[in-house]
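Visitor: Below is one structure. I have some questions about it.
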Amino acid sequence: MTSTNNTKKKLIEVAIPLEAINAASAREKSIRHGHPSTLHLWWARRPLAACRAVLFAQLVDDPSSDPGKFPTHEAQEAERKRLFGIIEELVKWENSTNEEVLERARAEIRKSCGGELPPVYDPFSGGGSIPLEAQRLGLPAYGSDLNPVAVMIGKAMIEIPPKFKDKEPVHPGAKERHFYRNAEGLAEDVKYYGEWMREKAWERIGRLYPQVDLPKEYGGGKATVIAWIWARTVPSPDPAFSDVQVPIASSFLLSTKVGKEAWVEPIVDKQAKTISYRIRHGGTKAEIAAAKEGTKAGRGANFRCIMSDTAITPDYVKSNGRAGKMGQTLIAIVAEGNRSRAYVGPTEADERLAFSAKPEWKPETSLPNDPRNFWTVDYGLTTFGDLFTDRQLVALNTFSDLVHEARARIETDALASDQSSDPTPLRDGGNGAKAYAEAVSVYLGMVVNKVADRHTSIATWDSSSTKLQLRNTFARQSIPMTWDFGEGNVFCSSSGAWEPSVNWVSMSVSVLPSLSTGSVVQENAQAQRIAEGKVISSDPPYYDNIGYADLSDFLFVWLRKALRDVYPDLFSLLATPKADELVATPYRHGGREAAESFFLKGMTVAIESMARQSSDVFPATIYYAFKQSEVAQEGISSTGWATFLQAVVEAGYAVVGTWPIRTEMANRMIASGTNALANSVVLVCRKKEATAESVTRAEFIRALKRELPPAISKLQAANIAPADMPQSAIGPGMGVFSRFKAVLESDDSPMSVKTALQLINRELDEYLGGIQGEFDADTRFAITWFEQNGTGKGDYGVADNLARARGISVDSVKHAGIVESAAGKVRILSRDELDDDWDPEDDRHLTVWECLQHLVRQHEKDGISHDTAVLLKKINIHAEAVKDLAYCLYDISANKRKDAKEATAYNALIADWTELTKAAAAIHDTSGDRQIRLDI
Numbered sequence: 005m006t007s008t009n010n011t012k013k014k015l016i017e018v019a020i021p022l023e024a025i026n027a028a029s030a031r032e033k034s035i036r037h038g039h040p041s042t043l044h045l046w047w048a049r050r051p052l053a054a055c056r057a058v059l060f061a062q063l064v065d066d067p068s069s070d071p072g073k074f075p076t077h078e079a080q081e082a083e084r085k086r087l088f089g090i091i092e093e094l095v096k097w098e099n100s101t102n103e104e105v106l107e108r109a110r111a112e113i114r115k116s117c118g119g120e121l122p123p124v125y126d127p128f129s130g131g132g133s134i135p136l137e138a139q140r141l142g143l144p145a146y147g148s149d150l151n152p153v154a155v156m157i158g159k160a161m162i163e164i165p166p167k168f169k170d171k172e173p174v175h176p177g178a179k180e181r182h183f184y185r186n187a188e189g190l191a192e193d194v195k196y197y198g199e200w201m202r203e204k205a206w207e208r209i210g211r212l213y214p215q216v217d218l219p220k221e222y223g224g225g226k227a228t229v230i231a232w233i234w235a236r237t238v239p240s241p242d243p244a245f246s247d248v249q250v251p252i253a254s255s256f257l258l259s260t261k262v263g264k265e266a267w268v269e270p271i272v273d274k275q276a277k278t279i280s281y282r283i284r285h286g287g288t289k290a291e292i293a294a295a296k297e298g299t300k301a302g303r304g305a306n307f308r309c310i311m312s313d314t315a316i317t318p319d320y321v322k323s324n325g326r327a328g329k330m331g332q333t334l335i336a337i338v339a340e341g342n343r344s345r346a347y348v349g350p351t352e353a354d355e356r357l358a359f360s361a362k363p364e365w366k367p368e369t370s371l372p373n374d375p376r377n378f379w380t381v382d383y384g385l386t387t388f389g390d391l392f393t394d395r396q397l398v399a400l401n402t403f404s405d406l407v408h409e410a411r412a413r414i415e416t417d418a419l420a421s422d423q424s425s426d427p428t429p430l431r432d433g434g435n436g437a438k439a440y441a442e443a444v445s446v447y448l449g450m451v452v453n454k455v456a457d458r459h460t461s462i463a464t465w466d467s468s469s470t471k472l473q474l475r476n477t478f479a480r481q482s483i484p485m486t487w488d489f490g491e492g493n494v495f496c497s498s499s500g501a502w503e504p505s506v507n508w509v510s511m512s513v514s515v516l517p518s519l520s521t522g523s524v525v526q527e528n529a530q531a532q533r534i535a536e537g538k539v540i541s542s543d544p545p546y547y548d549n550i551g552y553a554d555l556s557d558f559l560f561v562w563l564r565k566a567l568r569d570v571y572p573d574l575f576s577l578l579a580t581p582k583a584d585e586l587v588a589t590p591y592r593h594g595g596r597e598a599a600e601s602f603f604l605k606g607m608t609v610a611i612e613s614m615a616r617q618s619s620d621v622f623p624a625t626i627y628y629a630f631k632q633s634e635v636a637q638e639g640i641s642s643t644g645w646a647t648f649l650q651a652v653v654e655a656g657y658a659v660v661g662t663w664p665i666r667t668e669m670a671n672r673m674i675a676s677g678t679n680a681l682a683n684s685v686v687l688v689c690r691k692k693e694a695t696a697e698s699v700t701r702a703e704f705i706r707a708l709k710r711e712l713p714p715a716i717s718k719l720q721a722a723n724i725a726p727a728d729m730p731q732s733a734i735g736p737g738m739g740v741f742s743r744f745k746a747v748l749e750s751d752d753s754p755m756s757v758k759t760a761l762q763l764i765n766r767e768l769d770e771y772l773g774g775i776q777g778e779f780d781a782d783t784r785f786a787i788t789w790f791e792q793n794g795t796g797k798g799d800y801g802v803a804d805n806l807a808r809a810r811g812i813s814v815d816s817v818k819h820a821g822i823v824e825s826a827a828g829k830v831r832i833l834s835r836d837e838l839d840d841d842w843d844p845e846d847d848r849h850l851t852v853w854e855c856l857q858h859l860v861r862q863h864e865k866d867g868i869s870h871d872t873a874v875l876l877k878k879i880n881i882h883a884e885a886v887k888d889l890a891y892c893l894y895d896i897s898a899n900k901r902k903d904a905k906e907a908t909a910y911n912a913l914i915a916d917w918t919e920l921t922k923a924a925a926a927i928h929d930t931s932g933d934r935q936i937r938l939d940i
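One rule links them: number in the working numbering = place in the sequence shown (from 1) + 4.
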């Protein structure tokens, strides 16, 4: 494998506006309307903003690659700043459909790519974020995945919409608009035929979803049910009541809304051996606290029998579950009241009606024996069908069957609206009436899955005051065991019901870009032949974080029922492929070591296949997701990360950059005490030179000491936030390590990536420590004293020795306004104690420490304000030293003193440094009267 030496360096190999990308990625988590994630469930999707920015920076030349046009450092920085401006606009969610902003980005890509827009390929396309954003940028987009559910998502997002771009809907009756762009017509038909399916479903099974009589306190009358609330039951463990099914409920709360609290009170009649349930409103704090606990008696499956007060142990629950003796009892009904929820007590008739539902089919696919992610198996729920009530199964069967009927109706309507009668199916590239009907039905099949996620016996009722609705089955990347659950009404208007789900899918389809050709196919990444000559940007599975295949069987069984006729090859199997899935799943491989070995070998083959086939002109980008529990224990040399990097290096790539991407802002994570490492890291890779040589450990360390400090200095100059520095520094460090054929230890064995990461981290620590020697003596004293004592008191004698070692006295540090010294004790002044009238231009004993602390105080108070910019302007020649000190104190606060609040202050300042510098540059301090003038 060789790489070309005359390839131009791309922007992503030098610098990217990381803070803007991360801010947009974090904001994207709160966006729902029209976001592609609302089309269909998938796990751990990469933020679209990040994918868009990474692709742009991966394709656009860095100014340093054209010294003729940008001969000086200043010219290159100016051009880089211009490109950053394009990215900063590109990542904003509101610009994702702004053709002016997108076309500006496409023009830059063409300029760097010989007038062409190169094809992009993701061999692990999953939720489809990367191919979708490639298509939004006008790039031919290709994806593949082993998982048929992921392939269907990809087809729905990037393959189907361009086939029917700008077409009017085919449904009869009035249209919603006069002119249709992109997939808007397709989206309107999804909505129309989704509503038709609801009407037909109501005709067939509406009797199972009757209205409920409201009590007088709600005004009486009839109301639509939102959810029936059930509790699981087991026989009482007390022999005297062994014939009584008692509830095992984790909570009896229905609403915690202040002034509208509602909860279930079980009424026990020991003589009659019966338990009934009534709705209570309000209540004392003690009553509500008791209701919150349900019948729980500790963590997990520990309960108490409310008939006899006997303990119900986890083993007892499991044995009854496996013996088929676990039941369910209706404890409450939630209905649509007058501008609020209404809570109604259940009747025997309500329960009888629910049990009268008899499904014709249920999924028999077995749940995996994976106790880490699938908790229901131990309790007797062993198939995917067991996760649903009979009424839920009847509803999902009905809607799945109606997808087929809708498809036939759509084809008839399409022919009547003069669509082509071409009989070629969608899977074979057709775009006539038949293919169009199949296309709309794909989205209707996805609505079925959207409903299924909220309609299982795992979906619980959220009683919190801002929600009061059903939770998702997949609130996390697993299927937990739940003890009480909400059985939703598929015909109501609340979140998760059929009609709202149709609207979500339709809205998502309406904003899909539909620009360039797109293709997503089912393919094993280790054997794919699609990458030839394409730009690689990929989001592979992450070691052992998520068992995609096992989880997606829940979705596969319903897609298969609805869409097997449209894509028979994709749905030819009864479950998703497991054997070749590249995830380190211990239960599947007989233990953690075997799973890790499987993952490393398979991922190496897959990445080697990418590297061998892909374009030499562009770097590859590969995403890696950090699991927070992993990094909290092991930091940046964690096993999963090191294993993944090992696969990349062994595949023949040299890592030339690492950029941390966040969906949580660093300050928020630090402030909450969370490990501040980013959610994921983008690896920037080039093919390793064929002439690469082996070196010794000592030679590698010398190269690291020579090359890493200037690289870190450049990262600091680019204002990479301190929280992101450990992961960003991996890039240049791994660039040194991975350019060699091998780094040999003293016994001639090759150095592992894990060891290399530890050495890189050590050099980063030494660099940050070495910065201290460049500060004034008072600041150096303050750094050491802060590291030892924080803002607490320490002995004067120790301080005196420390000061003397730096050629100063404690009085000098006191005179500088850094410390207080009294009664044999010394302590650093907190920022609240600093002189409000301090002015750096008047200070005759100016220190970097003071400058930073005053700047941080002003920034904490006002953020990026005029006053903060003025202060930075006055600090003037000390600004870079102040920034260096902020990095240094962040490291001490976050990693040594574990002081999250203090670390947050320094990280926030650096995160805003670029904007502050711009604001300061626009200010003129006229030295005579010190009046401030701004450049407008």
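By construction, the Cβ of each residue, glycine as well, lies at the ideal position given by its N, Cα and C atoms.
Please work out which residues of its chain come closer than 8 Å, Cβ to Cβ, to T387, disregarding the five sequence neighbours upstream and downstream, and give them in chain order.
Guide: Here residue 387 corresponds to residue number 383 of the sequence shown, with the count starting at 1. Hits under 8 Å: K366, P367, E368, T369, S370, L371.
Visitor: Counting only the same chain and skipping the five closest in sequence on each side, list residues whose C-beta sits under 6 Å from that of A61.
Guide: For the purposes of this step, residue 61 is taken as the residue at position 57 of the sequence shown. Excluding sequence neighbours, A61 sits near L15, I16, I20.
Visitor: Let's see if you can read the secondary structure: which residues bound the beta strand (DSSP E) around D751?
Guide: Along the sequence shown, read from residue 1 onward, the residue named residue 751 stands at position 747. From DSSP, D751 is part of no beta strand (DSSP E); its letter is neither H nor E.
Visitor: Determine which residues share a DSSP beta bridge with F378 and list them.
Guide: On the sequence shown, residue 378 is found 374 positions in, with the first residue counted as 1. In DSSP, F378 forms a bridge with I483.
Visitor: Measuring from the CB of P318, is there a heavy atom of the ligand MG at a distance below 6 Å?
Guide: The model depicted lacks the ligand MG and carries no ligand whatsoever.
Visitor: For S425, which residues from the same chain have a beta carbon less than 7 Å from its beta carbon, with the 5 sequence-adjacent residues on both sides left out?
Guide: The residue labelled residue 425 in the question sits at position 421 within the sequence shown. Here the set comprises L419, G436, A437.
Visitor: Please confirm whether W487 and V494 have their CB atoms less than 7 Å apart.
Guide: Counted from its first residue, the sequence shown places residue 487 at position 483. Counted from its first residue, the sequence shown places residue 494 at position 490. Result no, Cβ atoms of W487 and V494 do not sit closer than 7 Å.
Visitor: Can you name, in chain order, every residue of its own chain whose Cβ lies under 7 Å from the Cβ of E163, other than the five neighbours on each side?
Guide: For this step, residue 163 is matched to residue 159 along the sequence shown. So the qualifying residues of the chain are G522, S523, V524.
Visitor: Secondary structure at F307, three-state DSSP: helix, strand or coil?
Guide: By one-based count along the sequence shown, residue 307 stands at place 303. In the structure shown, F307 sits in a strand (DSSP, three-state: E or B).
Visitor: Can you have a look at N186 and say buried or exposed, based on whether 16 or more other CB atoms are within 10 angstroms of its CB?
Guide: The residue you call residue 186 lines up with position 182 of the sequence shown. N186 should be labelled buried.
Visitor: For D814, which residues from the same chain have a beta carbon less than 8 Å from its beta carbon, with the 5 sequence-adjacent residues on both sides left out?
Guide: Within the sequence shown, residue 814 is the residue found at index 810, counting from 1. Position check: residue 814 holds Val in this sequence, whereas Asp was assumed. Around V814: Y800, A803, D804, A807, V823, S825, V830.
Visitor: According to DSSP, is T460 helix, strand or coil?
Guide: Numbered from its first residue, the sequence shown carries residue 460 at position 456. Reduced to three states, the DSSP call for T460 is coil.
Visitor: To test your reading of the DSSP string, which unbroken beta strand (DSSP E) runs of 3 or more residues are found completely within the stretch 800 to 875?
Guide: As far as the stretch 800 to 875 is concerned, its whole beta strand (DSSP E) runs of at least 3 residues are 823 to 826, 829 to 832.
Visitor: In chain order, what residues of the same chain lie with their CB nearer than 7 Å to the CB of E845, ignoring the 5 residues before and after it?
Guide: Position 841 of the sequence shown, counted from the start, is the residue given in the question as residue 845. Hits under 7 Å: K878.
Visitor: How long is the line joining the alpha carbons of T872 and L45, rounded to whole angstroms?
Guide: Counted from its first residue, the sequence shown places residue 872 at position 868. Counted from its first residue, the sequence shown places residue 45 at position 41. Those two C-alpha atoms are separated by around 44 Å.
Visitor: Could you pull out every residue in the same chain whose Cβ sits closer than 7 Å to the Cβ of A655, ignoring the five residues on either side in sequence?
Guide: Taking the sequence shown and counting its residues from 1, the one referred to as residue 655 is at position 651. Within the same chain, A655 has close Cβ partners T608, I611, E612, A615.
Visitor: Exposed or buried, which one is N324 when buried takes at least 16 other CB atoms within 10 Å?
Guide: Reading the sequence shown from its first residue, position 320 is the one you call residue 324. Label assigned to N324: buried.
Visitor: Measure how close the beta-carbons of S100 and R36 come, nearest whole angstrom, since I'm counting them as under 8 Å.
Guide: Here residue 100 is taken as the residue at index 96 of the sequence shown, counted from 1. Here residue 36 is taken as the residue at index 32 of the sequence shown, counted from 1. With 8 Å as the limit, S100 and R36 do not qualify as a contact, their Cβ atoms being about 14 Å apart.
Visitor: Assuming V250 and C309 make a contact with CB atoms under 8 Å, what is their CB distance in whole Å?
Guide: Locating residue 250 in the sequence shown gives position 246, counting from the first residue. Locating residue 309 in the sequence shown gives position 305, counting from the first residue. Yes, they are in contact, since the Cβ atoms of V250 and C309 sit about 5 Å apart, within 8 Å.
Visitor: Under DSSP, the alpha helix (DSSP H) around R596 begins and ends at which residues?
Guide: Here residue 596 is taken as the residue at index 592 of the sequence shown, counted from 1. Note, R596: alpha helix (DSSP H), 596 to 617.
Visitor: Which residues in the same chain have their Cβ closer than 6 Å to the Cβ of E313, if we skip the five residues on either side of it in sequence?
Guide: Mapped onto the sequence shown, residue 313 falls at position 309. Before going further, note that residue 313 is Asp rather than Glu in the sequence given. Excluding positions up to five away in sequence, the list is empty.
Visitor: Along the alpha helix (DSSP H) that carries W789, what are the first and last residues, could you check?
Guide: Mapped onto the sequence shown, residue 789 falls at position 785. Counting along the chain, the alpha helix (DSSP H) containing W789 begins and ends at 781 to 793.
Visitor: Would DSSP call K877 helix, strand or coil?
Guide: Your numbering for residue 877 matches position 873 in the sequence shown. DSSP places K877 in helix when its eight states are reduced to three.
Visitor: Should T402 and I271 be called a contact, given that it needs their Cβ atoms to be closer than 7 Å?
Guide: As a working note, residue 402 is residue 398 in the sequence shown. As a working note, residue 271 is residue 267 in the sequence shown. Contact flag unset, no.
Visitor: Can you grab the Cα-Cα spacing for the pair Y184 / P375, in whole Å?
Guide: The count along the sequence shown starts at 1 and reaches residue 184 at position 180. The count along the sequence shown starts at 1 and reaches residue 375 at position 371. So the two alpha carbons sit approximately 49 Å from each other.
Visitor: Are there 16 or more other CB atoms within 10 angstroms of the CB of Q481, so buried, or fewer, so exposed?
Guide: Here residue 481 corresponds to residue number 477 of the sequence shown, with the count starting at 1. It is exposed - the Cβ of Q481 has fewer than 16 other Cβ atoms within 10 Å.
Visitor: Any idea which residues DSSP pairs P251 with across the strands?
Guide: Locating residue 251 in the sequence shown gives position 247, counting from the first residue. DSSP, once it has assigned bridges, lists T237 as partnering P251.
Visitor: Roughly how many angstroms separate the alpha carbons of S445 and N476, rounded to a whole number?
Guide: On the sequence shown, residue 445 is found 441 positions in, with the first residue counted as 1. On the sequence shown, residue 476 is found 472 positions in, with the first residue counted as 1. Rounded to whole angstroms, S445 to N476 spans 24 Å at the Cα level.
Visitor: For a quick check, are the C-beta atoms of L856 and V886 less than 7 Å apart?
Guide: The residue given as residue 856 occupies position 852 in the sequence shown. The residue given as residue 886 occupies position 882 in the sequence shown. A contact, by the Cβ cut-off of 7 Å.
Visitor: Residue ranges of each beta strand (DSSP E) run of no fewer than 3 residues wholly in the stretch 535 to 592, ordered along the chain?
Guide: For the stretch 535 to 592, whole beta strand (DSSP E) runs of length 3 or above, ordered along the chain, are 539 to 542.
Visitor: May I have the straight-line CA-CA distance separating M311 from G298, to the nearest angstrom?
Guide: Sequence index remark: in the sequence shown, residue 311 carries index 307 (1-based). Sequence index remark: in the sequence shown, residue 298 carries index 294 (1-based). About 14 Å.
Visitor: Does the count of Cβ pairs from the stretch 892 to 905 and the stretch 721 to 729 closer than 8 Å reach three?
Guide: Flag = yes, the stretch 892 to 905 and the stretch 721 to 729 touch.
Visitor: Rank I626, A646, A658, T643 by C-alpha distance to the C-alpha of I665 and give the top, closest one.
Guide: Reading the sequence shown from its first residue, position 661 is the one you call residue 665. Taking only the C-alpha atoms, the option nearest I665 is I626.
Visitor: What did DSSP end up calling Q62 once you bin it into helix, strand or coil?
Guide: Taking the sequence shown and counting its residues from 1, the one referred to as residue 62 is at position 58. Helix.
Visitor: Taking C-alpha atoms, which residue in M330, T260, P71, A301 lies nearest to S246?
Guide: Working through the sequence shown from its first residue, we reach residue 246 at position 242. Residue M330 is the option with its Cα nearest to S246.
Visitor: Does the stretch 26 to 33 come close enough to the stretch 70 to 82 that 3 or more CB-CB pairs lie under 8 Å?
Guide: No: the two stretches stay apart, fewer than three of their Cβ pairs being nearer than 8 Å.
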